[in-house]
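All remarks here apply to the structure that follows.
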Amino acid sequence: MIGDRARFGVLVGPTEAGQPQLRSVKIYVDGEDLTFLDDEVYVPNFLLRVGLTLRALDDWPDLAPHAAVLGTDPRVLHQRLVAESEHDPILASWDERLSFLEWGEITFPFHSFLFRFGDRMWLTARHREGGLRVAQVEPAEVRDIVERAHRAVADDYADHRRRAGLD
Numbered sequence: 306m307i308g309d310r311a312r313f314g315v316l317v318g319p320t321e322a323g324q325p326q327l328r329s330v331k332i333y334v335d336g337e338d339l340t341f342l343d344d345e346v347y348v349p350n351f352l353l354r355v356g357l358t359l360r361a362l363d364d365w366p367d368l369a370p371h372a373a374v375l376g377t378d379p380r381v382l383h384q385r386l387v388a389e390s391e392h393d394p395i396l397a398s399w400d401e402r403l404s405f406l407e408w409g410e411i412t413f414p415f416h417s418f419l420f421r422f423g424d425r426m427w428l429t430a431r432h433r434e435g436g437l438r439v440a441q442v443e444p445a446e447v448r449d450i451v452e453r454a455h456r457a458v459a460d461d462y463a464d465h466r467r468r469a470g471l472d
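Structure (structure tokens):
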């Protein structure tokens, strides 16, 4: 387990036998396994998407200056973005910028956001078959978990490619 299952964690499982481009990756927020329906990733796509997440974390928006408009309650903000962004272009731009954990097919059944207010962060997620989960997380912790998950999958995949003579 990378991170903490009770707040935010990623469990990188083994590759599929005979198919090293497929791998189990479970994502936990606030104690819930958000990938219980499908935890199999296509490794090249996963690495691309997690790499994009790492780059986005370098410049994750601070919502403190926008608190008067957006509010500061992560539960309310999550629900507002999901419910109203389709009809409000300003909220739609925030929805796109604050969406988190968009790591391929395993993340299709849930919607998640990462909200930063100064030095405080909240990760929210709602699976289509569950309730809204909210976890306060530390910015450095989020980066560490995402980096370690990316590195674990990338290193194993690079080893496979070398052994297979693909690189």
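Sequential numbering from 306 applies to the sequence shown in this note's numbering.
No residue lacks a Cβ here, since even glycine has one placed at the ideal position from N, Cα and C.
With respect to the 7 Å criterion, Gly336 and Ala311 are classified as neighbours on the basis of their beta carbons.
Residue state for Phe422 is assigned as strand, using DSSP reduced to three classes.
Rounded to whole angstroms, Glu345 and Gln324 show a C-alpha spacing of 11 Å.
Leu406 sits in coil when the DSSP states are folded into three classes, being neither helix nor strand. For Ala440, the uninterrupted beta strand (DSSP E) segment begins and ends at Leu437 to Val442. Between Ser329 and Gly318, the gap from beta carbon to beta carbon is short of 7 Å.
Taking all protein chains in view, the Cβ of Arg468 is surrounded by fewer than 16 other Cβ atoms within 10 Å, so the residue is classified as exposed. Taking the CA atoms as reference points, Gly423 sits about 32 Å from Ala459. Just measuring C-alpha positions, the residue of Leu339, Val334, Thr358 and Leu375 sitting nearest Arg448 is Thr358. Rounded to the nearest angstrom, the Cβ distance from Ala457 to Val355 is 10 Å, too far for a contact under 8 Å. Judged by beta-carbon spacing, Ser390 lies beyond the 7 Å limit of Phe405, meaning their Cβ atoms are not closer than that value. Closest by C-alpha distance to Ile411, out of Ile307, Asp309, Val439 and Val348, is Val348.
Beta-bridge analysis with DSSP links Thr429 to Phe418 and Val439.
Note that the C-beta distance between Leu396 and Leu386 is below 7 Å.
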